Structure formats: C-alpha cells, structure tokens
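2 protein chains.
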Amino acid sequence: MDAKTLCLGALMHNEASGYEIRKLFEGGPFSAIYDVSFGSIYPALTVLLDREWATCCVAEQNGRPDKKVYSITQAGRAAFLEALSTTPAPDKMRSEMLFILSFGDHLPRADVLALVDRYIADYEDRLSDIHDRDDDHELPPVRRFVHNFGITMYETALEYLRTHRTVLTEETAPAQSNARQSDEHVVTAGGVQ
Amino acid sequence: MDAKTLCLGALMHNEASGYEIRKLFEGGPFSAIYDVSFGSIYPALTVLLDREWATCCVAEQNGRPDKKVYSITQAGRAAFLEALSTTPAPDKMRSEMLFILSFGDHLPRADVLALVDRYIADYEDRLSDIHDRDDDHELPPVRRFVHNFGITMYETALEYLRTHRTVLTEETAPAQSNARQSDEHVVTAGGVQ
DNA sequence: CTGACATATATCAGACCGATACAAACCGAG
DNA sequence: CTCGGTTTGTATCGGTCTGATATATGTCAG
Chain A
379 MDAKTLCLGA
389 LMHNEASGYE
399 IRKLFEGGPF
409 SAIYDVSFGS
419 IYPALTVLLD
429 REWATCCVAE
439 QNGRPDKKVY
449 SITQAGRAAF
459 LEALSTTPAP
469 DKMRSEMLFI
479 LSFGDHLPRA
489 DVLALVDRYI
499 ADYEDRLSDI
509 HDRDDDHELP
519 PVRRFVHNFG
529 ITMYETALEY
539 LRTHRTVLTE
549 ETAPAQSNAR
559 QSDEHVVTAG
569 GVQ
Chain B
379 MDAKTLCLGA
389 LMHNEASGYE
399 IRKLFEGGPF
409 SAIYDVSFGS
419 IYPALTVLLD
429 REWATCCVAE
439 QNGRPDKKVY
449 SITQAGRAAF
459 LEALSTTPAP
469 DKMRSEMLFI
479 LSFGDHLPRA
489 DVLALVDRYI
499 ADYEDRLSDI
509 HDRDDDHELP
519 PVRRFVHNFG
529 ITMYETALEY
539 LRTHRTVLTE
549 ETAPAQSNAR
559 QSDEHVVTAG
569 GVQ
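Line order of the protein sequences matches chains A and B. With my numbering, letter number 150 in the first sequence gets 528, and the count goes up by one each step, no holes. With my numbering, letter number 39 in the second sequence gets 417, and the count goes up by one each step, no holes.
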C-alpha cells in the first residue's frame, strides 16, 4: 500500500491539504489503521497532480499560513478503487514498546513498570483522541464496523495492561542490575547441527 | 528501532542464522511485536560482525544447505541494552485490510464479507502459530506478560470479527456497484477556510 | 518581545521493503 | 527416476519510505 493510495483514500471523504492528511493518520480516524509521514505525503500529492488523480488550489486562511487544498478527481476515484482490489498484505505491527518489554526480564523491574505505565498512558491518549473526535454519529455500517474494531482493540489493550500490571509488582525477585544477567539463558554452543 | 537492534534482540536468546532470525519475526515469537525483512537482516548482520557485536561460523547440516550461525558478543549485549534505554516510539500499525475495509461502504457487500473472512482466517493462523510453538512453559514473568498480551489481542480481534460479521449480512441495502457512489459524502466546496 | 507552540510546505540522506536471483536438498506424482 | 513444487538458506538492488531538518506565518502567554 503506497503513499499515493493512502492519500487518495484520505481525499475520498473530503478535500484536504498535506498537513490535514497527515493529521488523519496521526491522531485522526486512520491512526489505528495505518501510518504515513510527511516525507511520503508531499511527494505523493505531487504525483497525484501529475496523473490528474487530484486537483489543487491555494486557500488563504485568516490567522494561519496559506494551504494547498487537494481534491480527488473521477479518474482518481477509479484509480483508488482499482488499488483497493489487490489482495491486502497481512497486518504489520511495529511496537518498540513490546519489543523492549519482551526483554524486561533483563531490566530492573522498576524500569519495566515505568514502561508499562507509559504504554498505558499512550493508549489512554489514543482512546481519548477517538472520543474527542466523536465521529460516532451516523457512520455508514462498514465504517462503523471498522471504527468499533479499533475502539475494542484499544480498550482490550488498556484493560490487559491495567489488570496484569499488578502481577509484575508482586512477582518473585527481579533482575537488580542490567550489567549482570544470569547465564542460564545464554546458549553459546551445542544444540544446533 | 533499526534492524541492527532487532537482530541483536533475536540473538539475545539464542544464536541464529539470518533465515532463522527472519522466522522469529514471521510466525515466531516476535511476529505480534515487530516486522523486519531479509533485505534489512542480512546487511545488519554484516554490520554486527564489523562492530564485533556478533561472531559468525558456518554450520554444516545433514539434508539442508549450510548456514551461517551468528552469536552475540558481550560488547553486543552491552550495545543492545544501551539501545533499549531510549524512549520507545508509539506503536505503529499497518493494516491494509482495515484500510480497505474502511472504504467498504463503497464496495459490494459480498466483497466486504470475503475480506472479513480472509481477515478472520489470517488471525486464526496467527493464533495457531502461537499455540503450535507452545512457548508457554515456564516463561520468565515479563516475557509471559508480553506473550499473553499478544494472545489476548489476537483473541479479541477474532471474537470481534466473528460476532460483528453477522451485522454486515443483516444490514440495510449495500452499494451495489463500485462504479457509482452516492455523492452525499463528496464535499467539493465550502466548509473550509 | 521573546520563546514556545500550532499550522503549513518541502527536501534529503539514510534506512528499509519487496522482489528477485541463486543454490542445495527434500518429496510426491506421473 | 525425473519433473516440478516446497523448504531451507544467502545475498543484492531499485524504488520507496522515514525521520530529521529547514523555512515561514501566525497565536498566545509571561
């Protein structure tokens, strides 16, 4: 799924500037679904103009810098629906938090708990972003299906983190230092070949 | 989180070849956490050798091609724990499936249901991968915490998809064709500025 | 009136992805 | 017994994407 398709998708609902498209993916309705950065969006929008999949006009604003507002064309809509017809790749998660936590047994327990707290705060923010938007009102059925899927996943993550955090405070002696680990986990030879 | 750190993490538990590291992230214990491709892994392993964060030896196998087995060094462990000390970036999800589904109201309902079915099958496979591995036995506490988090998220996704799929079969008339859409959602002017 | 913050566009070096190529070995079907 | 398909395994490369940075306008608080 390339940046051009993602931008076309953003423009399907409404005309938007590059900055606004970015906000749809960061904190907006696409934030639980996909991620794309400025460095991909602006070049992609240029390509959309080249292919006449979008048009652009400058909008002056009061109290803000001007912005370039892009609108999708009929050709753009056709190209978008065509792009949607490819079989989707499986979901890809990139969680630095979980990756670090998966080595939490090598870290001081206090650090682990701090990470979990940060993780909780992160998902609380995401959930409140959703509720602040409040796009609940009269979504078409499939959009509602996707919307509620995201909310369900966030709420599940939060509930798990909150209820199981306590287990980590009660558990047996943690590794006190990250300079020394027990060598039990280190398999240096044998077992292979 | 760059490929070098991800490879070091993989080597923390066990020595491994590039191919084996890839499998840890595709279907293996890291599959719910992070994703990294061959095109990143092999160059990263070369860099690890250069920096003496890993050593390498060729292992002959019976009935299989030779493989190059990498082992993390003490300097590598130090570098890895150092890398873990940075504050983690927020989770990034990339779901082509959800992105396509979020435009499901523009698509024939049968296509949407087929997509949901594929999505369900996808997560069923992931869950059975986890249970096939069965690394449940005696994980250290924080690893268990992360492990069960992944299982919980997968099970929640499956339950949501299964129970709410039925709603999409009962609902009001779907868009019959993807060549025509109602123009109601298309805001071409006004409302901005 | 200074600094911090939000809005807004744009670029670019470096990192990464996905596809591809190559190769060795297995296995089932015809 | 060989043909094609699958698994294991290493490696590279073009095209794409990221994350940081630069630039600029405007608000608001202190």
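In this text, a Cβ means the ideal position worked out from N, Cα and C, and glycines have one as well. On a predicted model such as this, the values are computed, not experimentally measured, just so you know.
Checklist entry - Hey, residue 458 of chain A and residue 542 of chain B: beta-carbon distance below 9 Å or not? => result Contact: no.
Checklist entry - Is the Cβ of residue 554 of chain A closer than 9 Å to any Cβ of chain B? => result Residue placement at residue 554 of chain A cannot be trusted, given a pLDDT of 49 that sits under 50; what the coordinates show is reported in the next sentence. When Cβ-Cβ separations below 9 Å define contact, residue 554 of chain A makes no contact with chain B.
Item to check | Straight-line Cα distance separating residue 525 of chain A from residue 538 of chain B | outcome: 12 Å
Checklist entry - By Cβ distance, which residues of its chain are closer than 8 Å to residue 453 of chain A, with the 5 residues on each side in sequence left out? => result Cβ neighbours of residue 453 of chain A beyond the five flanking positions: 429, 430 and 431.
Checklist entry - Skipping 5 residues on each side, what residues in its chain have a beta carbon closer than 7 Å to that of residue 561 of chain A? => result Here residue 561 of chain A scores only 39 on pLDDT, less than 50, and its place in the model should not be relied on; the value that follows carries that caveat. Setting aside the 5 residues that flank it on each side, residue 561 of chain A has no residue in the same chain whose C-beta is closer than 7 Å to its C-beta.
Checklist entry - Going by the beta-carbon positions, is the gap between residue 472 of chain B and residue 470 of chain A smaller than 9 Å? => result yes
Item to check | Residue nearest to residue 463 of chain B in terms of C-alpha spacing, selected from A:419, A:407 and A:486 | outcome: A:486
Item to check | Buried or exposed (CB count within 10 angstroms, at least 16 for buried), residue 545 of chain A | outcome: The residue in question, residue 545 of chain A, is exposed, as its Cβ has fewer than 16 Cβ neighbours within 10 Å.
Next on the checklist: Between B:477, B:495, B:492 and B:535, which has its C-alpha nearest residue 390 of chain A's C-alpha?
Outcome noted: B:477
Checklist entry - Mind checking if residue 573 of chain B is an interface residue toward chain A, Cβ cutoff 9 Å exclusive? => result As shown, chain B starts at 379 and ends at 571. That puts residue 573 of chain B outside it, with no answer to give.
Checklist entry - Taking one C-beta from the region 435 to 446 of chain B and one from the region 386 to 405 of chain B each time, how about it: are there three or more such pairs within less than 8 Å? => result yes
Item to check | Nearest candidate by alpha-carbon position, reference residue 406 of chain B, set B:416, B:422, B:388 and B:419 | outcome: Ranking B:416, B:422, B:388 and B:419 by Cα distance to residue 406 of chain B puts B:388 first.
Checklist entry - Is the shortest distance between the beta-carbon of residue 474 of chain A and the beta-carbons of chain B less than 9 Å? => result yes
Checklist entry - In the DSSP assignment, what are the bridge partners of residue 449 of chain B? => result B:433
Checklist entry - Should residue 484 of chain B be labelled buried (16 or more other beta-carbon atoms within 10 Å of its own) or exposed? => result Label assigned to residue 484 of chain B: buried.
Checklist entry - In chain B, which residues lie less than 7 Å from residue 480 of chain A when you measure between Cβ atoms? => result 411, 521 and 524
Next on the checklist: On the DSSP letters alone, give me the boundaries of the alpha helix (DSSP H) that residue 511 of chain B sits inside.
Outcome noted: It spans 487 to 511 - the alpha helix (DSSP H) in which residue 511 of chain B sits, taken as one unbroken run.
Checklist entry - CB residue 498 of chain A to CB residue 532 of chain A, shorter than 9 Å? => result no
Checklist entry - With DSSP run on the structure shown, which of helix, strand or coil describes residue 531 of chain A? => result helix
Item to check | Closer than 8 Å at the beta carbon, the chain B residues around residue 545 of chain A | outcome: 519 and 523
Item to check | Rounded C-alpha distance that separates residue 535 of chain B from residue 446 of chain A | outcome: 38 Å
Item to check | Beta-carbon proximity list for residue 420 of chain B, same chain, < 7 Å, skipping 5 on both sides | outcome: 396
Item to check | Chain-order list of residues whose beta-carbon lies under 6 Å from that of residue 461 of chain B (same chain, five-residue window excluded) | outcome: 383
Item to check | CB contact check: residue 515 of chain A to chain B, cutoff 9 Å | outcome: Using beta-carbon distances, residue 515 of chain A does not count as an interface residue toward chain B, since no partner is under 9 Å.
Checklist entry - In terms of alpha-carbon separation, which member of A:380, A:399 and A:408 lies closest to residue 481 of chain B? => result Nearest C-alpha to residue 481 of chain B among A:380, A:399 and A:408: A:408.
Next on the checklist: I need the straight-line Cα distance from residue 548 of chain B to residue 515 of chain A, nearest angstrom please.
Outcome noted: 20 Å
Next on the checklist: Counting only beta-carbon separations shorter than 9 Å, does residue 427 of chain A have a partner in chain B?
Outcome noted: Not an interface residue.
Checklist entry - Going along the chain, which residues of the region 383 to 406 of chain B sit with their C-beta nearer than 8 Å to a C-beta in chain A? => result 384, 387, 390, 391, 392 and 393
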